[in-house]
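**Student:**
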């Protein structure tokens with residue numbers, strides 16, 4: 001079976017000048033593919049809508065659906081709720097185990113629910129739900145979707161010898177090989193299965209794509225990255241991104257993208273009245289599927305993080321996302337970063353201008369077609 005190191009050795013190595021140019025923010029109108037697990041929760045819809053309603057700033061040539069699933073939490077959630085039903089942790093091992101899911105088991109327990117009743121979609125179900133949700137966002141934005149939306153991988157990578165072929169991987173490869181049209185910037189907002197599979201199938205495209213991915217902790221953080229859904233679902237794909245040398249703009253979710261929270265009153269005033277897409281985003285905000293899954297109570301009193309608009313914000317304005325150049329960390333099998341200053345370059349975000357980003361988003365919604 002091919003190792004990560006052996007798989008990465010198949011890729012051409014980019015020279016420093018080309019890497020530097022690829023990691024810079026591109027000019028307006030550049031070709032963009034949005035790779036998104038749109039139905040996972042509610043944030044991807046905001047990002048896709050912002051891009052679709054900004055044709056003068058970005059040329060969205062396609063949107064590719066990504067699989068998603070919380071199934072990896074099922075066993076732990078059931079065990080944690082059962083620990084609470086038995087009176088709480090009885091030893092240090094159980095105490096530590098309970099901490100892995102934060103307050104989720106406690107909320108399920110306090111709501112009188114059984115963890116076995118929490119619905120977890122499969123990756124195959126998730127990618128189809130995302131595909132249909134992308135079509136809905138196109139429709140609400142009044143933008144034609146024909147020939148623009150593609151189904152992605154129905155499962156995650158199991159090894160580096162078996163990329164998961166799909167309409168999405170074929171589309172990514174096809175567009176990346178159109179070198180006369182310039183590089184393709186892929187706004188990656190979910191698990192990396194589609195992108196990793198495309199790279200494994202066609203290593204030659206590494207010089208003509210740039211992956212802008214949001215997930216997990218900053219590369220200098222000493223924490224385990226397991227809490228990151230985008231990273232943990234397809235561990236092999238995540239490892240490949242940091243190892244293979246593809247130009248990579250890394251936008252950490254925790255501490256950076258996490259600042260992109262929005263409140264109920266803001267949604268009601270600035271989003272709800274803005275045409276069909278505004279009304280739809282308001283519906284999603286007030287009917288968030290993760291509220292039910294995570295047993296969130298009184299959601300109207302809480303903010304929600306719109307994580308994935310950071311990808312679009314990076315593309316639209318240098319002032320929106322503060323960046324620095326670093327080297328790509330390795331992601332080990334325990335999902336911790338291992339840093340080495342001798343590795344290839346990577347651009348990484350360290351801060352954002354939250355208010356400027358949302359002001360731009362709200363203004364863009366004003367051009368949305370009426371409901």
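Numbering (the working numbering), first residue to last: 1 to 371.
Here a beta-carbon is modelled for each residue, glycine too, at the ideal position from N, C-alpha and C.
These figures come from a predicted structure and were not determined experimentally.
Quick check on this structure: which residue in 252, 236, 233 has the alpha carbon closest to the alpha carbon of residue 217?
**Tutor:** In the chain shown, residue 217 corresponds to position 217, counting from 1. It is 252.
**Student:** Are three or more beta carbon pairs between the stretch 176 to 188 and the stretch 147 to 162 nearer than 8 Å?
**Tutor:** With a cut-off of 8 Å, the stretch 147 to 162 and the stretch 176 to 188 do not count as touching, because too few Cβ pairs lie within range.
**Student:** Tell me which same chain residues have a C-beta within less than 7 Å of the C-beta of residue 140, skipping the five on either side of it?
**Tutor:** Reading the chain shown from its first residue, position 140 is the one you call residue 140. Only 276, 277, 280 meet the Cβ criterion.
**Student:** Could you pull the DSSP bridge partners for residue 185 from this structure?
**Tutor:** The count along the chain shown starts at 1 and reaches residue 185 at position 185. DSSP output for residue 185 lists 32, 210 as bridge partner(s).
**Student:** Identify, in the order they occur along the chain, each residue of the same chain with its Cβ nearer than 6 Å to the Cβ of residue 328, setting aside the five sequence neighbours on each side.
**Tutor:** Here residue 328 corresponds to residue number 328 of the chain shown, with the count starting at 1. The residues are 242, 343, 344, 346.
**Student:** Could you give the distance in angstroms between the alpha-carbon of residue 142 and the alpha-carbon of residue 44?
**Tutor:** Within the chain shown, residue 142 is the residue found at index 142, counting from 1. Within the chain shown, residue 44 is the residue found at index 44, counting from 1. So the alpha carbons of these two residues sit roughly 17 Å apart.
**Student:** Taking the DSSP output, what are the residues bridged to residue 62?
**Tutor:** Within the chain shown, numbered from 1, the residue matching residue 62 stands at position 62. Answer is 33.
**Student:** Using a 10 Å radius around the Cβ and a threshold of 16 neighbouring Cβ atoms, would you call residue 168 buried or exposed?
**Tutor:** Residue mapping note: residue 168 aligns to position 168 of the chain shown, counting from 1. Classification of residue 168: buried, given that the 10 Å Cβ count is 16 or more.
**Student:** Between residue 120 and residue 74, how many whole angstroms is the CB-CB distance? I'm expecting something under 8 Å.
**Tutor:** Taking the first residue of the chain shown as 1, we reach residue 120 at position 120. Taking the first residue of the chain shown as 1, we reach residue 74 at position 74. Between residue 74 and residue 120 the Cβ distance is about 5 Å, and since that is below 8 Å, they are a contact.
**Student:** Mind checking residue 255: buried by the 16 CB within 10 Å criterion, or exposed?
**Tutor:** Taking the chain shown and counting its residues from 1, one reaches residue 255 at position 255. Label assigned to residue 255: exposed.
**Student:** Below 8 Å on the Cβ atoms is my guess for residue 187 versus residue 32; work out the distance and round it to an integer in Å.
**Tutor:** Taking the first residue of the chain shown as position 1, residue 187 is located at position 187. Taking the first residue of the chain shown as position 1, residue 32 is located at position 32. Indeed they touch by this definition, with Cβ atoms about 6 Å apart.
**Student:** Short check: CB of residue 260 to CB of residue 354, under 8 Å?
**Tutor:** In the chain shown, residue 260 corresponds to position 260, counting from 1. In the chain shown, residue 354 corresponds to position 354, counting from 1. For residue 260 and residue 354, yes; Cβs fall inside 8 Å.
**Student:** Consult DSSP for residue 285 and reduce its assignment to one of helix, strand or coil.
**Tutor:** By 1-based counting over the chain shown, the position of residue 285 is 285. DSSP places residue 285 in helix when its eight states are reduced to three.
**Student:** Buried or exposed: residue 368, going by 16 or more other Cβ atoms within 10 Å of its Cβ?
**Tutor:** Taking the first residue of the chain shown as position 1, residue 368 is located at position 368. By the neighbour-count rule (16 or more Cβ atoms within 10 Å), residue 368 is buried.
**Student:** Could you have a look at residue 321 and say whether DSSP puts it in helix, strand or coil?
**Tutor:** Taking the chain shown and counting its residues from 1, one reaches residue 321 at position 321. Three-state result, residue 321: strand.
**Student:** For residue 212 versus residue 311, is the C-beta spacing smaller than 8 Å?
**Tutor:** Your numbering for residue 212 matches position 212 in the chain shown. Your numbering for residue 311 matches position 311 in the chain shown. The answer is yes: Cβ separation under 8 Å.
**Student:** What number of angstroms, rounded off, separates the C-alpha of residue 335 from the C-alpha of residue 229?
**Tutor:** Stepping through the chain shown from its first residue, residue 335 is reached at position 335. Stepping through the chain shown from its first residue, residue 229 is reached at position 229. Spanning the two alpha carbons is a distance of roughly 12 Å.
**Student:** Could you check where the beta strand (DSSP E) with residue 346 kicks off and where it finishes?
**Tutor:** Residue mapping note: residue 346 aligns to position 346 of the chain shown, counting from 1. Start and end: 345 to 352.
**Student:** Could you say which of 283, 122, 248, 249 lies nearest to residue 264 if we only look at CA atoms?
**Tutor:** Translated into positions along the chain shown, residue 264 becomes position 264. If we check each option's Cα against that of residue 264, 283 comes out closest.
**Student:** Does DSSP put residue 292 in a helix, in a strand, or in coil?
**Tutor:** As a first step, residue 292 must be located in the chain shown, where it is residue number 292. Helix, per DSSP.
**Student:** Mind checking if residue 294 is an interface residue toward chain B, Cβ cutoff 8 Å exclusive?
**Tutor:** Here chain B cannot be found, since the structure has a single protein chain.
**Student:** Which whole-angstrom value describes the C-beta separation of residue 1 and residue 159, a residue pair presumed to lie in contact below a C-beta threshold of 8 Å?
**Tutor:** Within the chain shown, numbered from 1, the residue matching residue 1 stands at position 1. Within the chain shown, numbered from 1, the residue matching residue 159 stands at position 159. That belief holds up - the Cβ atoms of residue 1 and residue 159 are roughly 6 Å apart, short of 8 Å.
**Student:** Count the other CB atoms, across all protein chains shown, that sit within 10 Å of the CB of residue 332; report buried if there are 16 or more and exposed otherwise.
**Tutor:** By 1-based counting over the chain shown, the position of residue 332 is 332. Looking at its Cβ environment, which holds fewer than 16 other Cβ atoms inside 10 Å, residue 332 is exposed.
**Student:** Excluding the 5 residues flanking residue 84 on each side, which residues of the same chain have their C-beta closer than 7 Å to its C-beta?
**Tutor:** Counting from one through the chain shown, the residue named residue 84 turns up at place 84. Only 105, 106, 109 meet the Cβ criterion.
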